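*Asks:* When we follow our numbering, the leftmost residue of the sequence shown carries the number 136, and every step to the right adds one.
Virtual Cβ for every residue (Gly too), placed ideally from N, Cα, C.
Fair warning: this is a prediction, and the values are worked out from it, not measured in the lab.
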Amino acid sequence: MRNRWSDKEADRLEGLDALVYATRTIGADSDLVLWGGGNSSAKVTEKDHLGRELRVLWVKGSGSDMRTATAAHFTPLRLDELLLLKEREMVDDEEMVACQAKCVLEPGAPKPSIETLLHAFIPAPHVLHTHADAICALTDTSDSRKLIRRVYGEDVALVSYIRPGFVLAKRAGEAFWKNSGLRAIILDKHGLVTWGGTAKAAYLETIKMVQEAERHIRLAGGGGDGRRAK
Ligand code: ZN
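1) Just to confirm my understanding: we take L148, look at its own chain, exclude 5 residues before and 5 after, and list those with CB closer than 6 Å. What are they?
2) If we call anything under 7 Å between Cβ atoms a contact, is A255 one with L192?
3) From the DSSP output, which residues share a beta bridge with V194?
4) Hey, V168 and M136: beta-carbon distance below 7 Å or not?
5) When you compare the CB positions of G173 and H325, do they come within less than 7 Å of one another, or not?
6) Report the option in A348, G356 and K335 whose CA atom is closest to the CA atom of E144.
7) So the candidates are T205, T251 and S199; which of them puts its Cα closest to the Cα of R213?
8) Taking 6 Å as the cut-off, is the CB of P326 close to at least one heavy atom of the ligand ZN?
9) Just curious, the beta strand (DSSP E) that G326 is in, first and last residue?
10) Take L163 and list the residues in its own chain whose beta-carbon comes closer than 8 Å to its own, dropping the five residues that flank it on each side.
11) Would you mind working out which of K195, L303 and T160 sits nearest E224, comparing C-alpha positions?
12) Which term fits E340, buried or exposed, when burial requires 16 or more other beta carbons within 10 angstroms of its beta carbon?
13) Please look up how many angstroms separate the CB atoms of T210 and V194, rounded, as I've assumed it's under 8 Å.
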């Protein structure tokens with residue numbers, strides 16, 4: 136896995152523009168995401184239609200591809216309203232989708248992804264979520280917990296497999312807060328979540344995590360059995 140980030144192209148980009156660049160750079164690698172897979176987000180402070188400042192989560196909508204993403208494929212949501220859900224024990228898919236739809240700031244924006252809360256509950260300004268092949272080769276094994284610990288030590292959390300939705304987002308958020316030195320979260324049988332203060336930092340962490348997985352697979356002389364959850 137090579138680092139495709141270009142400071143020349145990305146240095147002056149901020150907020151949504153930096154998010155679009157990071158998304159397309161991730162999408163350029165089919166070993167990180169296949170068509171339609173993965174998503175990305177940025178948290179920014181913006182003014183609403185009445186001039187009030189509010190925290191906005193820009194997250195890639197469902198049904199678009201990271202490789203060809205443009206600003207039009209991202210959805211702005213009221214972050215502080217989404218965060219109120221974090222206090223709940225359970226929110227079913229129907230309620231979550233309805234609530235997310237009510238938090239959308241722009242009429243006509245793409246439908247928010249089922250993984251929107253995963254991005255909301257991790258407080259970092261930039262969050263990237265991929266289904267990287269090398270990470271899935273580690274997680275799609277019977278002893279993934281042990282393997283992840285061996286490859287990454289204590290600084291990467293493994294969240295047990297739960298299909299995408301409220302509970303997975305909540306578990307990921309809890310894992311984030313449990314360890315102040317955490318560098319990434321791996322979702323068992325699913326993929327990788329990285330973050331950073333900038334889009335570049337989140338991207339570089341994705342690449343580093345994947346490179347470390349690849350190195351382990353190389354040294355171990357093989358990989359997983361290729362199965363992966365979406
Ligand atoms: Zn996913």
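*Replies:* Taking the structure as given:
1) Y156
2) yes
3) S176 and T210
4) no
5) no
6) K335
7) T251
8) Note that residue 326 is Gly in the sequence shown here, rather than Pro. Under cutoff, so the answer is yes.
9) G326 to G331
10) Note that residue 163 is Ala in the sequence shown here, rather than Leu. R139 and R202, listed in sequence order.
11) L303
12) buried
13) 6 Å
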